[in-house]
Structure formats: C-alpha cells, structure tokens
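Q:
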Amino acid sequence: MERPLLVYTTFPDVASALNIGEALVRERLIACINVLPGMRSVYSWNGAIERGEEVAAILKTREGLAEALSAALKARHPYDTPIILQLPVAGADADTAAWILAETGLEPETPPAA
1 MERPLLVYTT
11 FPDVASALNI
21 GEALVRERLI
31 ACINVLPGMR
41 SVYSWNGAIE
51 RGEEVAAILK
61 TREGLAEALS
71 AALKARHPYD
81 TPIILQLPVA
91 GADADTAAWI
101 LAETGLEPET
111 PPAA
C-alpha cells in the first residue's frame with residue numbers, strides 16, 4: 001500500500017493558504033491542508049536577516065503525488081522560492097491512511113477473498 005506523505009510549507013497569509021489548499025484538494029493532489037496562522041519567522045534571505053509573520057501549513061497526501069504536488073504548489077505559490085518539505089510518514093492509523101489514499105484518487109488495497 002502506498003504510504004501517506006506530509007508536506008510542510010509556509011504562506012504569507014491565511015487567505016492564500018486556504019485558497020491554494022482548496023484548489024489542491026479539488027484537484028485531489030491533497031486530502032487536507034491544515035493552516036496554522038500566527039507563525040513568526042527569522043530567516044536569512046539574499047544575505048540579510050529578515051523577520052516576518054507567516055502561516056504554516058501541513059498538507060496530507062501520498063508519496064506517489066510528491067512531484068505533482070510540488071509542481072502545482074510552486075505554480076500557485078506567491079513566494080518566489082516557497083519552502084516545500086516532504087516529511088515521510090513512518091506509520092499511520094489504517095483508517096487515516098485509507099482516507100488519504102481515497103481522497104487523492106487511490107483506492108486502498110483490499111486483501112483477496114479467501
């Protein structure tokens with residue numbers, strides 16, 4: 001059975017995270033996006049130390065969609081260089097995994113009848 005995959009990214013605001021997330025759900029590239037507002041970041045960009053407020057997001061998908069999801073996320077993302085981190089899932093509840101697979105267009109495997 002294909003394994004679930006979590007993808008971590010950030011957005012400049014809640015609206016862009018939710019709008020892009022909804023588009024990705026509708027395209028069945030992800031089963032869900034969790035948007036976590038209120039994140040503060042300190043980072044190095046173009047040789048300068050920056051501070052800013054961002055929104056963290058966790059996207060739930062499956063390993064087979066990693067490349068397609070990254071491409072779709074980059075195409076829609078407001079940042080020139082969005083953070084896209086793929087976080088492999090070591091284990092998942094069977095029902096959770098089946099839901100993610102079903103919502104991203106892959107039916108879970110069923111054991112053959114005895």
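22 is the number that UniProt numbering gives to position 22 of the sequence shown; each next residue is one higher, with no gaps. Where a beta carbon is used, it is the ideal one built from N, C-alpha and C, also for glycine. Fair warning: this is a prediction, and the values are worked out from it, not measured in the lab.
Buried or exposed, going by whether 16 or more other CB atoms sit within 10 Å of the CB of Val-42?
A: Flag for Val-42 reads exposed.
Q: Using the rule of at least 16 other Cβ atoms within 10 Å of the residue's Cβ for burial, across every protein chain shown, is Pro-4 buried or exposed?
A: buried
Q: Decide if Met-87 is buried, meaning its Cβ has at least 16 other Cβ atoms within 10 Å, or exposed.
A: Per the sequence shown, the amino acid found at residue 87 is Leu instead of Met. Counting Cβ neighbours within 10 Å, Leu-87 comes out exposed, since fewer than 16 surround it.
Q: Could you tell me the alpha carbon to alpha carbon distance between Lys-74 and Thr-9, rounded to whole angstroms?
A: 11 Å
Q: Give the range of the alpha helix (DSSP H) segment to which Val-7 is assigned.
A: Unbroken run through Val-7 is the beta strand (DSSP E), 4–11; no alpha helix (DSSP H).
Q: So, under 8 Å CB-CB, Ile-33 and Ala-57 are touching, yes? Tell me the CB distance rounded to an integer number of Å.
A: 6 Å
Q: Does the distance from the CB of Leu-65 to the CB of Thr-96 come in under 8 Å?
A: no
Q: Gly-64 lies in the alpha helix (DSSP H); which residues open and close that run?
A: Here Gly-64 belongs to no alpha helix (DSSP H), and DSSP marks it neither H nor E.
Q: Output needed for Arg-76: all residues of its chain with C-beta closer than 7 Å, excluding positions within five of it in sequence on either side, in chain order.
A: Ile-20, Ala-23
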